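For the sequence shown, position 115 (counting from the first letter as 1) is numbered 370 according to my numbering, and the numbering increases by one without interruption.
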Amino acid sequence: MHHTTTPAAAIRAQRAASNRAIAARDVDGVVACMLVDVSVAVAGGPRLTGREASRRAFIEQFAERAFLGYVREPDDVSVHDPPTTATERGRWEGRWRGGALEQVRSGRYVARWRHTSMGWLIASEEFREQE
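Here you go:
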């Protein structure tokens, strides 16, 4: 049986793999879906330029014992014409252990994806915290 994956399904699968990598504290898995020159705007934080900057940021987060992880849930994936770029919009949530309570931060994000010889990779991400 011939099975073709739509670009939107491929991007959703990449996002799911990225969420699993964060849950597993797998830095290589987290940055595997990013372009070398990816740009990430962290909610309430710095803009990270390049895959290495994101790698270092995740290494720091994973070293934090209180950090429980991030989950990004796409609401919408729009593939542009020509189908070499796409925009993903959704909600993110981060969790930290804070004494007896769990701290939760959440908000919305926009990710821009580019189709490459390696498949769909993230060109940029912007995370905003819920007001």
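From the three backbone atoms N, C-alpha and C, an ideal C-beta is built for every residue, glycine too.
Note that the structure is predicted; figures quoted are calculated from it, not measured.
Just the Cα atoms here: how many angstroms apart are residue i and residue j?
i	j	result
R302	T261	31 Å
E343	A264	11 Å
A279	T339	30 Å
A268	G353	31 Å
M373	E357	38 Å
Considering only DSSP beta bridges, list what residue i is partnered with.
i	result
D331	R344
F322	W351
T304	S294
Here's the rule I'm using: 16 or more other beta-carbon atoms within 10 Å means buried, otherwise exposed. How should residue i be labelled?
i	result
G300	exposed
E328	exposed
A318	exposed
On a Cα-Cα basis, can you pick out the residue from the options that is closest to residue i?
i	options	result
G324	V332, V365 and R350	R350
V332	G374, F322 and G345	G345
A355	A321, E381, V334 and G362	A321
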